[in-house]
Amino acid sequence: MVKTAGRKFLELLLSIFFLSVIIFYIARLTPGDPLISYYGERVEKMSPEERERAEERLGLNSSVSNQYLRWLADAFHGEFGISYKYKMDVTEVIGERIGNTFILGGIGFLFIFGGSLLLGILCAWYEDRLPDHMICKMGTAVSCIPEFWLSLILILIFAVNLRWLPSSGAYTIGIKRSAADRILHLILPMTVVVAGHLWYYAYMIRNLILEEVRTDYVLLAKAKGLKKRRIMFRHCLRNTFPSYLSIMAVSVPHILGGTYIVETVFSYPGLGTLIYESARYKDYNLLMFLSLMSGALVILCNMAAQVLNERIDPRIKSENMGKAPEGIGL
Amino acid sequence: MTNNFELVGIKPTPRKETVQKEKWYKGKPVFSGVLLALIAAGCLLGGLLMTEDSAALNLQNCGLPPNGEFLFGTDTMGRDIFSMIWLGGRVSLFIGISSTIISTITAIVFGALSGSAPVWADTILMRLTEILFSVPEPLLVIFIQAVLGEANVFSLSFVIGVTGWMSMAKIIRTEVRQLRGSEYVIASKCMGGGFFHILKKHLAPNFISSIMFMAVMNIRNGIMVEATLSFMGIGLPVEVISWGSMLSLSEKALLSNAWWMIVIPGAFLVATLMCITSLGNDLRKSMNRGQGYF
Amino acid sequence: MSEKKTDGEILLDIRHLTHIFSFPKRVTVKAVNDVSFQIRRGEIFGLVGESGSGKSTIARCIMNIYRPCAGEIIYKGVNVCDLKQLRKNKRMLDTTRQLIFQDSSSSLNPRMKVCDIIEEPMRIQRTNPPRGSYRAEAEFQLYYVGMDASYLDKYPAELSGGQRQRVAIARALAMEPELLVADEPIASLDVSIQAQIVNLFRHLKKEHGFSFLFIAHDLSMVEFLCDRAGVMYKGELVETAPVKKLFENPQHPYTKRLLAAVPIPDPGRERARKGNRW
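The structure is reproduced here in structure tokens:
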């Protein structure tokens with residue numbers, strides 16, 4: 174057990190290492206000027222000597238490989254460099270905003286998780302009847318609405334026209350640490366995040382449960398006279414839970430990472446906008462750290478899902494090995 | 383007693399009811415199909431429907447709500463939204479379809495290779511896809527865009543295609559892995575069948591049905607991603623008209639409460655996506671039914 | 044009995060074949076252990092043994108589905124365990140040896156029509172069909188195995204087990220091979236069809252001089268059909284002899300036990316043999 178955990182950890186480290194190399198090179202090799210994010214508009218007016226001095230100060234004048242090695246050495250000490258735009262330590266910049274994203278993403282995730290479970294069960298219970306059809310149709314319809322458009326429409330209706338809810342930011346400037354204010358600001362973005370993903374997972378749960386319902390043991394239970402509610406909750410749901418958990422595990426990075434659209438439209442200060450900005454304006458250090466974080470999250474979640482899957486169904490492990498006979502050729 | 387064995391109690395009755403022939407369009411998403419056809423036709427015949435030259439920036443008319451002259455109003459730069467919808471639709475649909483073609487071909491090649499490779503190569507390929515997958519999407523898009531230079535329709539299709547093949551490839555790989563061990567593939571190998579022959583004749587017919595549905599969904603995703611990217615500014619520039627780039631100006635529209643700039647292109651977008659989705663769902667249902675025959 | 048081409052030439056020579064399957068967690072199974080035998084041109088060699096004795100593994104090693112761990116398989120002078128020779132003679136090897144699987148429902152692609160299935164080897168090798176077109180060739184082969192041309196456009200799911208097996212045999216015959224390896228081809232068929240197919244094999248041997256490796260666990264069939272036979276037990280070839288000698292005078296104790304288990308249809312003789320236990 175410890176050996177496999179150790180091996181998985183090694184795989185994780187290796188993957189993150191590769192990821193860091195890839196991102197480093199991609200970011201550096203993209204055409205574009207990183208000095209802009211540091212100096213803003215002044216870059217155009219700088220003379221060549223000033224540029225050189227600036228580049229040297231920021232450590233951009235050596236070859237890419239050198240820069241990478243230097244970054245790696247620093248990273249081992251826990252120093253990830255300075256964000257050009259914010260002129261602060263990278264970890265500080267992230268620290269300010271990470272809370273916001275986790276609130277939006279995390280609570281949204283919980284809502285999606287719980288809500289889709291409820292909807293899924295509802296659909297499976299009333300399979301092929303009106304509630305099921307209605308929920309599925311609504312689900313397909315809503316899933317076609319792009320997130321940003323939904324955000325715009327909501328802002329249009331609720332903020333501009335009705336003036337019930339604020340349209341941007343995480344909190345109103347001036348009012349500090351008021352939970353109610355925060356919640357008010359959270360309502361619209363959260364609605365968009367949840368509405369965008371809820372239906373997809375609800376549909377998945379519905380299908381999982383229905384697959385269980387079609388098995389022979391459920392038929393036996395019905396024949397024995399068990400009540401529908403008992404069959405559904407004690408048997409089917411329990412059996413689908415592991416698969417559902419692994420699906421949820423894979424979707425964590427997807428939901429957390431997908432908040433950047435919502436954050437942009439609502440001007441919500443979170444990590445999503447940071448990623449977008451740092452990529453656009455070549456804020457290297459920030460970009461590296463953020464990408465590594467998100468990459469690590471994705472790999473971790475994938476591993477967790479794989480482990481879960483292999484525990485549930487040991488056949489998958491051997492399938493992954495490939496049942497084909499060894500031989501010459503295909 | 384006769385020699386013939388006679389069943390007692392059964393009277394031969396003539397068949398009175400004729401079998402009702404099911405209308406061929408029963409159960410199919412007629413409405414979606416028709417709507418989609420209408421929109422597509424409108425986009426293709428864009429030239430005939432345009433009432434105004436949409437490229438003309440007429441600053442006098444900027445920001446007008448829908449009225450008699452401009453059916454859908456004008457945007458902040460004075461362009462006629464009605465004409466832009468049809469022109470932009472062409473671009474959006476094209477990007478959706480071409481990106482799907484790119485991603486499907488990549489997925490098939492990658493998936494088939496990965497499925498037929500020995501275990502160690504397969505693991506490496508899968509890890510590679512995972513790593514690529516874990517690069518944050520905006521970064522990848524920006525990078526590819528920057529490398530390809532100016533953002534035009536083709537580069538955007540390429541970008542969307544290249545970022546979207548991974549889940550399809552995974553499914554193809556799993557199917558190929560499973561099929562590899564089946565006896566008819568082994569038999570074909572014994573007869574001298576090469577990689578491509580087996581792929582074409584034995585593997586492809588089996589996974590085509592799985593990915594057909596995904597391909598249709600990818601068209602839908604392609605259109606949606608294009609709209610999102612253009613909105614965020616890393617897709618098509620404002621001069622190239624598509625539904626997404628029309629929406630990229632809409633943030634300013636919020637301030638002036640110019641609802642028509644937001645609602646109308648969005649409505650078209652959503653309607654098209656919904657049609658494609660329901661067609662895709664119907665496709666999947668008919669595929670599943672076909673499978674059950676065996 | 045005039046038999047074509049029985050010049051006694053050794054077609055297939057297996058020397059010290061060993062194959063080990065390795066599974067995860069260090070489990071290994073020695074499926075075939077130092078097996079050697081020969082098949083001459085125009086003879087039917089039967090391989091019998093209980094389930095799990097390694098017969099199918101030998102068949103698959105011969106056909107290059109598995110690569111054996113040790114030993115040599117020499118077919119018409121070509122050592123098929125050697126990659127270089129294998130690649131050089133690929134075409135000859137692919138056309139002159141064919142394999143008939145045990146399970147006909149999984150060895151035929153359910154999405155292909157019968158005519159496509161039979162034509163497949165010809166299409167792969169791009170041979171010139173002697174009867175005009177591929178379809179005519181397929182029709183001829185089907186006729187040969189006793190099915191008429193109406194079956195050409197059917198799918199395997201629409202055929203019965205015996206018909207499917209006959210299609211598999213037609214597919215193997217389409218290339219007019221010299222060596223046919225049949226892995227329990229009649230195990231899943233009913234007795235009348237079994238008889239038909241066994242007679243077909245005899246006819247092929249007599250008229251066309253095909254050589255067979257006939258793997259079965261039905262001893263009476265082997266006695267009826269084969270010239271020589273070998274007995275496998277737990278991966279080892281315990282005895283090889285011409286069929287008559289094997290059945291009348293078995294040497295190895297396992298062979299004796301195997302033969303003793305075969306019931307004789309005549310109850311009197313059976314009882315006598317069993318020693319009046321009743």
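First to last, the sequence lines map onto chains A, B and C. Here the first sequence is numbered in the numbering used here, starting from 174 and rising by one per residue. Here the second sequence is numbered in the numbering used here, starting from 383 and rising by one per residue. Here the third sequence is numbered in the numbering used here, starting from 44 and rising by one per residue. Cβ coordinates follow ideal geometry from the N, Cα and C atoms, glycine included. Bear in mind the structure is a predicted one, so any value in this text is a computation, not a measurement.
Hey, does residue i have any beta-carbon neighbour from chain B nearer than 9 Å?
i                : result
SER464 (chain A) : yes
PHE64 (chain C)  : no
SER254 (chain C) : no
THR413 (chain A) : no
LEU90 (chain C)  : no
LYS133 (chain C) : yes
SER150 (chain C) : yes
GLY500 (chain A) : Low per-residue confidence applies at GLY500 (chain A): pLDDT is 37, beneath 50, and the placement is therefore not dependable, though the value from the model is reported in the following sentence. Chain B, which has a Cβ nearer than 9 Å to the Cβ of GLY500 (chain A), makes this yes.
GLU163 (chain C) : yes
ASN458 (chain A) : no
ARG140 (chain C) : yes
Does residue i get closer than 9 Å to chain C when you measure Cβ to Cβ?
i                : result
GLU557 (chain B) : no
LYS582 (chain B) : no
MET594 (chain B) : no
SER603 (chain B) : Going by the sequence as given, residue 603 (chain B) is Asn instead of Ser. For ASN603 (chain B), the answer is no, since every Cβ of chain C falls outside 9 Å of its Cβ.
ILE554 (chain B) : no
ALA569 (chain B) : yes
GLY497 (chain B) : no
THR564 (chain B) : For clarity, residue 564 (chain B) is Ser in the given sequence; the question names Thr instead. By this cut-off, SER564 (chain B) is an interface position.
With H, G and I counted as helix, E and B as strand and the rest as coil, what does DSSP make of residue i?
i                : result
ARG58 (chain C)  : strand
GLU279 (chain C) : strand
ILE501 (chain A) : In this prediction, ILE501 (chain A) scores a pLDDT of 32, lower than 50, which makes its location untrustworthy; no coordinate-derived value is stated.
ARG110 (chain C) : coil
GLN294 (chain C) : coil
VAL121 (chain C) : strand
ARG484 (chain A) : helix
GLY563 (chain B) : coil
SER474 (chain B) : helix
ASN132 (chain C) : coil
ALA74 (chain C)  : strand
THR388 (chain A) : coil
LEU335 (chain A) : coil
PHE253 (chain A) : coil
GLN479 (chain A) : helix
ASP247 (chain A) : helix
GLY576 (chain B) : coil
LEU399 (chain A) : coil
Kindly indicate if chain A contains any beta-carbon less than 9 Å away from that of residue i.
i                : result
GLY641 (chain B) : Before going further, note that residue 641 (chain B) is Trp rather than Gly in the sequence given. Yes, TRP641 (chain B) counts as interfacial toward chain A.
ASN534 (chain B) : no
THR659 (chain B) : yes
Am I right that residue i and residue j are in contact with their C-beta atoms under 8 Å? What's the rounded C-beta distance?
i                : j                : result
LEU585 (chain B) : VAL558 (chain B) : 6 Å
LEU256 (chain C) : VAL224 (chain C) : 5 Å
LEU242 (chain A) : GLU300 (chain A) : Not really, about 60 Å apart at Cβ, beyond 8 Å.
GLU512 (chain B) : ASN482 (chain A) : Rounded, the Cβ-Cβ distance is 15 Å, inconsistent with contact.
GLY293 (chain A) : ARG379 (chain A) : 5 Å
SER416 (chain A) : LEU381 (chain A) : 6 Å
THR61 (chain C)  : CYS124 (chain C) : At roughly 11 Å, the Cβ-Cβ gap does not stay under 8 Å, so THR61 (chain C) and CYS124 (chain C) are not in contact.
LEU444 (chain A) : ILE267 (chain A) : 7 Å
ALA215 (chain C) : GLN141 (chain C) : 4 Å
GLU336 (chain C) : ALA181 (chain C) : The displayed coordinates of chain C run from 44 to 321. Any statement about residue 336 (chain C) would go beyond what the structure contains.
LEU289 (chain C) : ALA272 (chain C) : 5 Å
What I want to know is whether the C-beta of residue i ends up closer than 8 Å to one or more non-hydrogen atoms of the ligand GTP.
i                : result
ARG314 (chain C) : For the structure depicted, the ligand GTP is absent and the ligand set is empty, with no information on it obtainable.
Whole runs of the alpha helix (DSSP H) within the segment 147 to 204 of chain C, excluding any shorter than 4 residues: 147 to 150, 157 to 168, 177 to 187
What runs of the alpha helix (DSSP H), each 4 residues or longer, lie entirely inside the segment 612 to 672 of chain B? 625 to 630, 632 to 638
Go through the segment 204 to 291 of chain C residue by residue and report every complete run of the alpha helix (DSSP H) that reaches 4 residues or more, in order. 204 to 216, 234 to 251, 262 to 268, 286 to 291
Please name the residues in the segment 104 to 128 of chain C whose beta-carbon is closer than 8 Å to at least one beta-carbon of chain B, in chain order. When C-beta distances to chain B are compared with 8 Å, the residues of the segment 104 to 128 of chain C below that value are MET106, ASN107, ILE108, in chain order.
Can you pull out the residues from the segment 284 to 314 of chain A whose beta carbon lies closer than 7 Å to at least one beta carbon of chain B? THR313, ALA314
Any C-beta of chain B within less than 9 Å: which residues of the segment 469 to 487 of chain A qualify? ALA469, LEU470, VAL471, ILE472, ASN475
If the cut-off is 9 Å on Cβ atoms, which residues from the segment 274 to 290 of chain C count as contacting chain B, listed in chain order? Against chain B - using a Cβ distance shorter than 9 Å - the segment 274 to 290 of chain C contributes no residues.
Taking a Cβ distance cut-off of 7 Å, strictly less, list which residues of the segment 425 to 449 of chain A are near chain B, in chain order. GLY430, TYR433, ILE434, THR437, ILE448, TYR449
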